[in-house]
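Right, one structure below, let's go through it.
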Amino acid sequence: AAASKRHADLIKNNSRRMMQNASLTREVESERHQKQLMMDDLYSQTKVNQQMITFRDRESERQIQDLVYENTELQAKAEKWRLRAKTLQEERWGFVQKWRAENHAASESSAAKDGGATGGDG
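Everything in the sequence shown is counted per UniProt numbering, starting at 1 for the first residue and increasing by one.
If you want it as C-alpha coordinates, here you go:
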(Lines of atoms letter the chains of each structure in order from A; the text may use other names.)
(Lines give C-alpha, C1' and ligand atoms only; values in the text may rest on other atoms or scores of the structure.)
Protein backbone atom coordinates (compact mmCIF):
# COMPACT_ATOMS: atom_id res chain seq x y z
CA ALA A 1 0.00 0.00 0.00
CA ALA A 2 2.87 2.38 0.78
CA ALA A 3 4.49 1.63 -2.56
CA SER A 4 1.19 2.23 -4.32
CA LYS A 5 0.74 5.55 -2.47
CA ARG A 6 4.32 6.53 -3.28
CA HIS A 7 3.73 5.60 -6.91
CA ALA A 8 0.52 7.69 -6.99
CA ASP A 9 2.37 10.64 -5.37
CA LEU A 10 5.14 10.39 -7.96
CA ILE A 11 2.59 10.31 -10.79
CA LYS A 12 0.78 13.31 -9.26
CA ASN A 13 4.08 15.16 -8.81
CA ASN A 14 5.14 14.33 -12.34
CA SER A 15 1.76 15.44 -13.67
CA ARG A 16 2.01 18.76 -11.78
CA ARG A 17 5.53 19.32 -13.12
CA MET A 18 4.37 18.59 -16.66
CA MET A 19 1.55 21.12 -16.21
CA GLN A 20 4.03 23.71 -14.89
CA ASN A 21 6.35 22.94 -17.77
CA ALA A 22 3.53 23.34 -20.30
CA SER A 23 2.43 26.61 -18.65
CA LEU A 24 5.99 27.99 -18.64
CA THR A 25 6.46 26.88 -22.25
CA ARG A 26 3.27 28.74 -23.25
CA GLU A 27 4.45 31.80 -21.31
CA VAL A 28 7.86 31.71 -23.00
CA GLU A 29 6.25 31.27 -26.42
CA SER A 30 3.91 34.19 -25.70
CA GLU A 31 6.87 36.39 -24.69
CA ARG A 32 8.76 35.31 -27.81
CA HIS A 33 5.74 36.17 -29.92
CA GLN A 34 5.40 39.58 -28.22
CA LYS A 35 9.10 40.27 -28.72
CA GLN A 36 8.86 39.23 -32.36
CA LEU A 37 5.91 41.60 -32.83
CA MET A 38 7.90 44.38 -31.15
CA MET A 39 10.91 43.65 -33.38
CA ASP A 40 8.71 43.70 -36.48
CA ASP A 41 7.16 46.99 -35.34
CA LEU A 42 10.57 48.49 -34.60
CA TYR A 43 11.83 47.32 -37.99
CA SER A 44 8.90 48.92 -39.81
CA GLN A 45 9.24 52.14 -37.76
CA THR A 46 12.97 52.22 -38.51
CA LYS A 47 12.27 51.72 -42.19
CA VAL A 48 9.69 54.55 -42.20
CA ASN A 49 12.04 56.81 -40.24
CA GLN A 50 14.87 56.04 -42.66
CA GLN A 51 12.62 56.91 -45.60
CA MET A 52 11.60 60.17 -43.90
CA ILE A 53 15.23 61.04 -43.18
CA THR A 54 16.18 60.28 -46.78
CA PHE A 55 13.31 62.46 -48.04
CA ARG A 56 14.26 65.29 -45.68
CA ASP A 57 17.90 65.00 -46.74
CA ARG A 58 16.91 65.30 -50.38
CA GLU A 59 14.64 68.26 -49.63
CA SER A 60 17.36 69.95 -47.59
CA GLU A 61 19.90 69.35 -50.35
CA ARG A 62 17.51 70.83 -52.92
CA GLN A 63 16.85 73.84 -50.68
CA ILE A 64 20.59 74.33 -50.17
CA GLN A 65 21.16 74.22 -53.92
CA ASP A 66 18.37 76.76 -54.42
CA LEU A 67 19.85 79.01 -51.75
CA VAL A 68 23.34 78.72 -53.23
CA TYR A 69 21.97 79.61 -56.66
CA GLU A 70 19.98 82.52 -55.21
CA ASN A 71 23.02 83.65 -53.22
CA THR A 72 25.15 83.60 -56.38
CA GLU A 73 22.54 85.68 -58.20
CA LEU A 74 22.33 88.13 -55.30
CA GLN A 75 26.11 88.43 -55.13
CA ALA A 76 26.22 89.19 -58.86
CA LYS A 77 23.49 91.82 -58.45
CA ALA A 78 25.25 93.30 -55.42
CA GLU A 79 28.51 93.54 -57.38
CA LYS A 80 26.65 95.20 -60.26
CA TRP A 81 25.11 97.74 -57.87
CA ARG A 82 28.47 98.31 -56.16
CA LEU A 83 30.03 99.10 -59.53
CA ARG A 84 27.13 101.37 -60.42
CA ALA A 85 27.40 103.19 -57.08
CA LYS A 86 31.15 103.58 -57.60
CA THR A 87 30.58 104.94 -61.12
CA LEU A 88 27.93 107.37 -59.86
CA GLN A 89 30.23 108.47 -57.04
CA GLU A 90 33.04 109.07 -59.53
CA GLU A 91 30.67 111.03 -61.79
CA ARG A 92 29.43 113.07 -58.86
CA TRP A 93 33.00 113.74 -57.74
CA GLY A 94 33.83 114.80 -61.30
CA PHE A 95 30.88 117.20 -61.30
CA VAL A 96 31.91 118.54 -57.90
CA GLN A 97 35.48 119.08 -59.06
CA LYS A 98 34.26 120.75 -62.27
CA TRP A 99 31.86 122.95 -60.30
CA ARG A 100 34.58 123.90 -57.81
CA ALA A 101 37.00 124.70 -60.64
CA GLU A 102 34.37 126.80 -62.41
CA ASN A 103 33.38 128.46 -59.14
CA HIS A 104 37.02 129.12 -58.29
CA ALA A 105 37.71 130.49 -61.78
CA ALA A 106 34.61 132.66 -61.56
CA SER A 107 35.58 133.95 -58.14
CA GLU A 108 39.14 134.64 -59.34
CA SER A 109 37.92 136.49 -62.42
CA SER A 110 35.42 138.36 -60.26
CA ALA A 111 38.17 139.18 -57.79
CA ALA A 112 40.44 140.25 -60.63
CA LYS A 113 37.74 142.54 -61.99
CA ASP A 114 37.02 143.88 -58.51
CA GLY A 115 40.71 144.09 -57.69
CA GLY A 116 41.47 145.95 -60.90
CA ALA A 117 38.74 148.49 -60.29
CA THR A 118 39.57 149.03 -56.64
CA GLY A 119 43.28 148.27 -56.80
CA GLY A 120 44.26 151.93 -56.29
CA ASP A 121 42.43 152.14 -52.92
CA GLY A 122 44.63 149.60 -51.26
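We put the CB at the ideal spot given by N, CA and C, even for glycine.
Straight-line Cα distance separating R92 from A105: Sequence index remark: in the sequence shown, residue 105 carries index 105 (1-based). Sequence index remark: in the sequence shown, residue 92 carries index 92 (1-based). Each residue's Cα considered, the two are about 20 Å apart.
Per DSSP, what kind of secondary structure is A76 in: helix, strand or coil? Position 76 of the sequence shown, counted from the first residue, corresponds to residue 76. Here A76 sits in helix by DSSP.
Rounded to the nearest angstrom, what separates N14 and R32 at their Cα positions? On the sequence shown, position 14 is the one that residue 14 refers to. On the sequence shown, position 32 is the one that residue 32 refers to. C-alpha separation (whole angstroms): 26 Å.
Can you tell me whether DSSP reads A22 as helix, strand or coil? Position 22 of the sequence shown, counted from the first residue, corresponds to residue 22. A22 falls in the helix class under three-state DSSP.
Rounded separation between E30 and N21 - CA only: For the purposes of this step, residue 30 is taken as the residue at position 30 of the sequence shown. For the purposes of this step, residue 21 is taken as the residue at position 21 of the sequence shown. It is Ser, not Glu, that sits at residue 30 in the sequence shown. Going by the C-alpha atoms only, they are around 14 Å apart.
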